[in-house]
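In what follows, a structure is listed as structure tokens, so that the remarks can point back to it.
Residue numbers (this note's numbering), protein chains in the order written: chain P, 1 to 342; chain B, 1001 to 1342; chain L, 2001 to 2342; chain W, 3001 to 3342.
Structure, rendered in structure tokens:
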């Protein structure tokens, strides 16, 4: 059996660990051959390939990024895309595909399998942990560790210097990184996209904290929004790519807190630092097991499935189900954390 | 309600996070008062206490160790122990106890509740992750991260210098740390207590690895034992405390590999480094949630229970059940990992 | 002898290590007594003190921040300030002062000694490493390590995802952090305050880098300025504290690069993360030795001096000299690094 | 000009950084060509080479180990060795050699230049920092950071669990790592090879420490020896390679402390973990600058020289001088640190 592998979407620590596990187990236990497609769905679309065998995956386990490259190319949005993908698969005699990616990448896999008989197995990937079908996605634990370590560093300043310290972390639609890192880091305020925040309430928590002679640390997800409907970013401040990061909520909030409380505020914006570098042990474990189970599914002919974590088990769920709904932060969990606010 | 808190057994990152969560939520949401018992069950036994309120738990979240101290004191092994414990609780007007500890500490709590009506709630703690009733215990993820980072460091030497590198990690009865860190670190051999190892097989893997021009890394749990029944430690090499660490399996194995393969071998013995220092984000999250749910159980009067992790939920299980059986590594999981051996 | 100790200015990892070394050696070898002044020169000015003895410095070595607190209070800018300082010193029977701080804090010490006979010894502190009289200041190595680790994490993204990654690091007047972290992190462009940059040249390096199929990483000091004299920050964007951070050069540059090259750019702004947390081993070594030598100078009656590092030796230099000139990046060093640009 | 590069001796973080800097600057500024010799002096001896150009050094800066491999081969100890080296150099038209290594590797270079006109420039490398001609060698700061982090982790256990914690670090002939990491880590006892230790004195410090209700941490260099002349290792316990590590001083000392004080003791033996993994920022900076200045010396025809650090400057010193004398810990420095003992 000849298996194609591709990785799509944003960077996420653990991609290489998945690839390595697939190739090791596939080669040794099932005698599979592999083809690496470059840059996500661009690979099958344009016939961009690279060799993929055991020597080529040696040493990649602890490395962030992906040796296959990535892109956001979607064959369904390209003229004749599906036909071209199928031609490439035929040309390289690819029997099945493992697609590693987030909602978009797996959505393509789901549709290719459901509507075009392309034999696909999916491996979920999102640093934001917002996929409904799995307890956790790899990359998330690494991001949370990085953000937590950043918050830790701010604490010593908060103990001795009276400043408001704002940390902006990733999470455009779901606040998982903010919630976990904020709780693990002992933040005094955690703001997530799921719940619009009230700047005056934030300022109240800030003032409460100062009364303990210890400065406040505010963790804010990049997608968090103020209640009052104030526009953080005007239309014309969006860049060509529609991203707002360039004048983000962290800076805006720091300015507002300064203005309203009269206390100096400082911002750290972690940005892509959360997406790169070596994966945490948990993420390597999860990514490796995802890879082992994905290639097992391929060799059992169980297509249209995605691997997922349930408790300590790796299970399979239909790709269609997996990409159906965003997993946002449960209000009960957020309420549980709020005992530490202020 | 006045609640006593104690921590027993070996060190484990996350103990302070549990204590802090209990005190924060108990004080703020239930108006509980707290008493800290010193050094595990020695506290209630001898009336050794310390104040425990919100100011006293400030800043302890990221700190390893336990502000309450610890010991292996068991009131059931002390003359009149139970009566003395009950007297202390009466003296300090303690309505309920939260016991944070491993099999021994929780075993005492289970028996005190079942047989002596002492109102206890348990929080499981073992760095070895060998408690049956919970998916994970806090401290484990930190230990695995530390061991993985150590293995990572050995890889660069393995790439450029032809030496066998042996790492001895914790795990006297269960191989969880060795398995997770070995898999996450890309070890070439992983040896666990659950399965006696064959030194010749290990040497064969070592030789295989050298043929890839890359030196082997061998991860061995401190409790792993060779098949051939060779005594690693003679009776008289046991120290006064019955511990064998002082001439452990790592050094023994390195010597054997040198002797049998003629290749230079080096050992690293991580020891207590795996037990200390700041907890990982995952462990802080888990420990904090354990604390929040334990004090909730106390205030709901649900005694004789232990908090546990199931998937992403915190649940309650009877203390008696929790301490009944050691959770060892499933042979299937070990087999899954063996694709990376050699 | 009774010695007062104070810490002034911004946060800097290693302050506690200095305090601990002073107290340990002073108490044990010279039988000194100590008084901790709170919040820099505010302590002597307002008589704000705290006890300072061996138990109170236990465990603080690895902790960032300062147990004495800090401020930017300057007694020379306060009515009757010098007299009030001298009264406090008389009241608490303080024989000598150790002032730990940057240009401002040490400038006060220099003047108090030179003009008012207040017996002072200085310990230099600046995360920016821009003090002329010493090879290095503590805190700098920690900041460089943090920034380097951040750049490391971006590399894996740069290898697999075609984005321009901009990192803004500290350094308002001197580019030492940017230069060292940029070189250590393998940045493709390093921009420092000492040399105005040409955005078109930066874009040229960015394009060159993309041709190697590897995305560029741009390290920019917060005080770096474009050549063309474009105002990055308009007057009215300065906050009440005169700081420009809230819409800094990193974001500005990322926007310009996007506009001019058409490539997506992302920014990370490390901010105060560089100032906090546990000091690196080098900084603990340096801070500890500074403390040991400062208290030695006090007990030898060698006032008006500052400790400094020369090679591997701790020496003394006059306070007046030390604070006279900013140490900026030597153009030759910057040129040496430029072999890695593009 | 065609330049050969080789790395010899034990592993040391920063080797790749040196290689990269040499190749980048040599290629870009001097139009040099490069040849990589494999495995130290085995390369020139046996004609074992690999290509070495800018693409081949891309991405290696943060990686431990050496892409050129290493060995302890000495052409002067091999029949006809020098003639064979010269033949290889002639065959590959190598005009000059950069040898990166410790005493042995550089000793060969010194002799080849002095006695056989082989044009060599040296770059000093020793994790132990025991080279006399330079303030620091790269790799040392990394090793100290790793050992310090390990000690940090033990502190939380020392705060809450009453055990003696012994850490064995590298340093067979010089105690630099033990001294720096012990001081930076706040160890209570530091034992170095330069000064035989008195076990009873160590036990006295251990007892003193316990009286502060805080357990002692003992840092011992692998080459440290007890005063009483007790043989730690009997002749027949030396392995085939003459190494004693396999039953080292750390375990021996822990046993003795247990026996004499009745307190439980635990050992961590860091071993090769100190030699591998990514270099610290300082070591990358130093290694990079060493590389830049070495290739400059080559192109200026200044042979028989070694680059060295003096303060913040890179200077050149004769190879003969550099390898003449071991730099051991100055008794004054050790005395300075002893204020923290006990």
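Each residue gets a CB set at the ideal place from its N, CA and C atoms; glycine is no exception.
Same chain, Cβ closer than 7 angstroms to residue 1181/B, five either side skipped, listed in chain order
1144, 1147, 1148, 1151, 1169, 1219
Less than 8 angstroms separating the beta-carbons of residue 1321/B and residue 1133/B?
yes
Is there contact between the segment 3008-3018 of chain W and the segment 2315-2331 of chain L, where contact requires at least three CB pairs shorter than 8 angstroms?
no
Can you check whether the CB of residue 2224/L is closer than 8 angstroms to the CB of residue 2257/L?
no
Delimiting residues of the alpha helix (DSSP H) encompassing residue 3258/W
3249-3261
Assuming contact is defined by CB atoms lying nearer than 8 angstroms, are residue 3064/W and residue 3278/W in contact in what I supplied?
yes
Tell me which residues share the same chain as residue 136/P and place their Cβ nearer than 7 angstroms to its Cβ, disregarding the 5 neighbours each side in the sequence.
129, 286, 309
Taking 8 angstroms as the cut-off, decide whether the C-beta atoms of residue 2215/L and residue 2164/L are in contact.
yes
At which residue ranges does the segment 2096-2165 of chain L contain complete beta strand (DSSP E) runs of 3 or more residues, listed in the order of the chain?
2096-2101, 2120-2124
Do you know offhand how far residue 2249/L's Cα is from residue 1302/B's?
57 angstroms
Going by beta carbon distance, what residues of the same chain come within less than 6 angstroms of residue 3092/W, once the five residues before and after it are set aside?
3035
Determine whether the Cβ of residue 3011/W lies closer than 8 angstroms to any Cβ atom of chain B.
yes
Does chain L have any CB closer than 8 angstroms to the CB of residue 204/P?
no
Got a sec? Which residues, its chain only, sit under 7 angstroms from residue 3259/W by beta carbon, not counting five neighbours each side?
none
Can you give me the start and stop residues for the beta strand (DSSP E) that residue 3220/W sits inside?
3217-3221
Whole-angstrom distance between residue 2107/L and residue 2123/L, CA atom to CA atom
12 angstroms
When the distance is taken between beta carbons, is residue 1337/B closer than 8 angstroms to residue 1154/B?
no
To the nearest angstrom, how far is the alpha carbon of residue 2120/L from that of residue 2280/L?
28 angstroms
Under a CB-based cut-off of 8 angstroms, is residue 3213/W close to chain L?
no
At the 8 angstroms Cβ level, is residue 2345/L part of the contact set with chain P, yes or no?
The first residue shown for chain L is 2001 and the last is 2342, placing residue 2345/L beyond what the model contains.
Can you name the residues that DSSP bridges to residue 2267/L?
2166/L
Indicate whether at least one CB of chain L lies closer than 8 angstroms to the CB of residue 3209/W.
no
At least one CB of chain P closer than 8 angstroms to the CB of residue 2159/L: is that the case?
yes
Does chain W have any CB closer than 8 angstroms to the CB of residue 2137/L?
no
Helix, strand or coil for residue 997/B? Go by DSSP, reduced to three states.
In the structure as shown, chain B begins at 1001 and stops at 1342. Residue 997/B is therefore absent and cannot be evaluated.
In this structure, how does DSSP classify residue 2194/L when only helix, strand and coil are distinguished?
coil
What residues in the segment 1260-1287 of chain B have a beta carbon less than 9 angstroms from any beta carbon of chain P?
1278, 1279, 1280, 1281, 1282, 1283, 1284, 1285
To the nearest angstrom, how far is the alpha carbon of residue 3292/W from that of residue 2202/L?
23 angstroms
Please state whether DSSP places residue 3273/W in a helix, a strand or coil.
helix
For the beta strand (DSSP E) containing residue 2309/L, name the first residue and the last one.
2305-2310
Check whether the segment 69-83 of chain P touches the segment 45-52 of chain P, counting contact only when three or more Cβ pairs, one atom from each stretch, lie closer than 8 angstroms.
yes
Who are the neighbours of residue 2348/L on chain W, taking C-beta pairs under 7 angstroms?
Only positions 2001 to 2342 of chain L appear in this structure, which leaves residue 2348/L out of reach.
Residues of chain L with CB under 9 angstroms from residue 3029/W, in chain order?
2339
Which residues in chain L have a C-beta closer than 8 angstroms to the C-beta of residue 3310/W? List them in chain order.
2311
Output yes if chain B places a C-beta closer than 8 angstroms to the C-beta of residue 3042/W; else output no.
no
From residue 1103/B to residue 1125/B, what distance separates their C-alpha atoms?
8 angstroms
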